[in-house]
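If you want this note's numbering, it's the 1-based position in the sequence shown plus 332. Just below is one structure, and these are the notes that go with it.
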Amino acid sequence: MSRQYETVIGLEVHVELATKTKIFCGCSTEFGGAPNTHTCPVCTGMPGALPVLNKQVVEYAMAVGLATNCSITQYCKFDRKNYFYPDNPQNYQISQLYLPICRNGGIEIETAAGRKTIGIHEIHMEEDAGKLIHDEWDDCSLVDFNRSGVPLIEIVSEPDMRSAEEVIAYLEKLRLIIQYLGASDCKLQEGSMRADVNLSVRQVGSETFGTRTEMKNLNSFKAIARAIEGERARQIELLEEGKEVIQETRRWDDNKEYSYPMRSKEDAQDYRYFPEPDLVPISISDEWIARVREAQPELHDEKRRRYCEEYKLPDYDAQILTSYKKLADLFEETVAICNRPKKVSNWLMVETMRLLKEHNMDPDELSFQPSNLAKLIMLVENQTINGTVAKEVFEQIFKEDVDPERYVEEKGLKVNSNADELYEIVRRVIEENPQSVEDYHNGKQKAIGFLVGQTMKATQGKANPGMVNQILKELL
Numbered sequence: 333m334s335r336q337y338e339t340v341i342g343l344e345v346h347v348e349l350a351t352k353t354k355i356f357c358g359c360s361t362e363f364g365g366a367p368n369t370h371t372c373p374v375c376t377g378m379p380g381a382l383p384v385l386n387k388q389v390v391e392y393a394m395a396v397g398l399a400t401n402c403s404i405t406q407y408c409k410f411d412r413k414n415y416f417y418p419d420n421p422q423n424y425q426i427s428q429l430y431l432p433i434c435r436n437g438g439i440e441i442e443t444a445a446g447r448k449t450i451g452i453h454e455i456h457m458e459e460d461a462g463k464l465i466h467d468e469w470d471d472c473s474l475v476d477f478n479r480s481g482v483p484l485i486e487i488v489s490e491p492d493m494r495s496a497e498e499v500i501a502y503l504e505k506l507r508l509i510i511q512y513l514g515a516s517d518c519k520l521q522e523g524s525m526r527a528d529v530n531l532s533v534r535q536v537g538s539e540t541f542g543t544r545t546e547m548k549n550l551n552s553f554k555a556i557a558r559a560i561e562g563e564r565a566r567q568i569e570l571l572e573e574g575k576e577v578i579q580e581t582r583r584w585d586d587n588k589e590y591s592y593p594m595r596s597k598e599d600a601q602d603y604r605y606f607p608e609p610d611l612v613p614i615s616i617s618d619e620w621i622a623r624v625r626e627a628q629p630e631l632h633d634e635k636r637r638r639y640c641e642e643y644k645l646p647d648y649d650a651q652i653l654t655s656y657k658k659l660a661d662l663f664e665e666t667v668a669i670c671n672r673p674k675k676v677s678n679w680l681m682v683e684t685m686r687l688l689k690e691h692n693m694d695p696d697e698l699s700f701q702p703s704n705l706a707k708l709i710m711l712v713e714n715q716t717i718n719g720t721v722a723k724e725v726f727e728q729i730f731k732e733d734v735d736p737e738r739y740v741e742e743k744g745l746k747v748n749s750n751a752d753e754l755y756e757i758v759r760r761v762i763e764e765n766p767q768s769v770e771d772y773h774n775g776k777q778k779a780i781g782f783l784v785g786q787t788m789k790a791t792q793g794k795a796n797p798g799m800v801n802q803i804l805k806e807l808l
């Protein structure tokens, strides 16, 4: 009988904070920029340059800690983590080992298996390293220090996850919390959210953990899920063959769907941590914590519940709308203008989602004004345009944020409600389709639908469908 294995997973999630300047100097944190232009003596590690802590970093770290139910360490300080690597200009990184700013939290996730709390061991503040660019043409490596000194928080989970599904649910929940707080945009593709996966397997029923490996280079949720499945299979195969799993750091290659060993896993003592001598400890008062807590916005779970209660939306709609901060903002701002929550929800959930998929876009990239969607909804409500035309107009709003009222006027798309004109068109449609008329008289109700369609075609979709139906029934 083959043995059953359980996967044990913990995550280290690095999040770049949305401050304008770096953690210990005044250089810009903006993504991109020519190499080594967002730099100064502090973030390039020049001798004698002294760090000064950015207060906003502490506030963002506290905000994330409070939102993930952590306790705030009111006396906390920085430590030096010593290691030699070309993109690390000082030969050490300023981080927090002994007194991290947040500890002992947790967030609740929901998967097909039900609800579960994933523990958060700690959250600490640190600076990012630079970036190595390997130039294969000239066979050399170049260093860009623009990212060096960008503020990070590292969120270390407990080893509470048991599947790729739980890992993705945890990451999505974490990303939503941080985006709603405005602490980071959490774009995996730009590296502002990065996850390292610590994974081990053990026989079902065993209380002791197996030997874990750490996987790096994961820049999308899909890559993370694939890496977990791949590493789980690799470790089980080793154990089944009677071999040992080696504790090491591995690099995931998403194209080959395989991981490679990078280095054997270091321990804290290998980094020779000691308290950072150039920075004073941080003292966080009760009042400061209270101020940060008071400034917290409404988060995803509360918003979802409120949408169901206040706007009477189905839970499914509320879940989709709140799963992206951009969509939730668009929804609320549009409803504030036209007061038609269900209609706004339908446009965002059906047409907006369809066009996002077609254009391979993320909801964060939506750029149309809430006022233009509100105007479109009112044009349909007031029967100025019909549903078919509305979809055509919405495509223009989606692409170019056009003013729907002006667009409908210029293109002559208003509904034709001229009774005399419609009578003429309907009479002509009836004459041209004797078979459908006969079917209708023989009790086939579907025939009238065909005749309505032909009338709409004849009016280029501009006829008032209600009036067309009425006239058809009269004439038939």
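In this text, a Cβ means the ideal position worked out from N, Cα and C, and glycines have one as well.
Is L659 close to chain C, meaning its C-beta is less than 7 Å from at least one C-beta of that chain?
Structure shown: chain C not included; a single protein chain is present.
Just verifying my parser: in three-state terms, what is the DSSP assignment at C816?
An answer regarding residue 816 cannot be provided, because it is not within the stretch 333 to 808 covered by the chain.
Check whether the region 674–683 and the region 647–657 touch, using three or more Cβ-Cβ pairs below 8 Å as the test.
yes
Which one or two residues does DSSP pair with H456 in a beta bridge?
Under the DSSP definition of a beta bridge, H456 partners with E486.
Start and end residues, beta strand (DSSP E) containing Q511
No beta strand (DSSP E) holds Q511; the alpha helix (DSSP H) holding it covers A496 to L513.
When DSSP builds the beta bridges, which residues end up paired with W584?
S591
How would you write the range of the beta strand (DSSP E) that M378 sits in, first residue to last?
Membership of M378 in any beta strand (DSSP E) is not indicated, and neither H nor E is assigned to it by DSSP.
Give me the Cα-Cα distance between P736 and A445, rounded to the nearest whole angstrom.
C-alpha separation (whole angstroms): 45 Å.
To the nearest angstrom, how far is the alpha carbon of Y512 from that of P629?
7 Å
Based on the DSSP output, what are the partners of V347 in its beta bridges?
I485 and M525
Confirm, please, whether the CB-CB distance from L531 to E563 is below 7 Å.
yes
Within the same chain, show all residues whose beta-carbon is closer than 7 Å to that of F700, passing over the 5 residues directly before and after it, in chain order.
I729, F730 and D733, listed in sequence order.
Are the CB atoms of Y639 and L645 within a distance shorter than 7 Å?
yes
Please classify C359 as buried or exposed, where buried requires at least 16 other C-beta atoms within 10 Å of its C-beta.
buried
DSSP-derived helix/strand/coil call for G537
coil
Three-way DSSP call (helix, strand, coil) for M493 in this model:
strand
Who does G437 pair with in a DSSP beta bridge?
I452
Quick check on C402: buried or exposed, where buried means 16 or more other Cβ atoms within 10 Å of its Cβ?
Buried, since its Cβ has 16 or more Cβ neighbours within 10 Å.
Nearest-angstrom Cβ-Cβ length linking S489 and G451, presumed shorter than 8 Å
7 Å
Just to confirm my understanding: we take G514, look at its own chain, exclude 5 residues before and 5 after, and list those with CB closer than 8 Å. What are they?
In the same chain as G514, and ignoring 5 residues on each side of it, the C-beta atoms closer than 8 Å to its own belong to A350 and P629, in chain order.
Going by DSSP in three states, G365 sits in which element: helix, strand or coil?
Coil at G365, not helix or strand.
How would you write the range of the beta strand (DSSP E) that Q336 sits in, first residue to last?
Element bounds for Q336: n/a, residue is neither H nor E.
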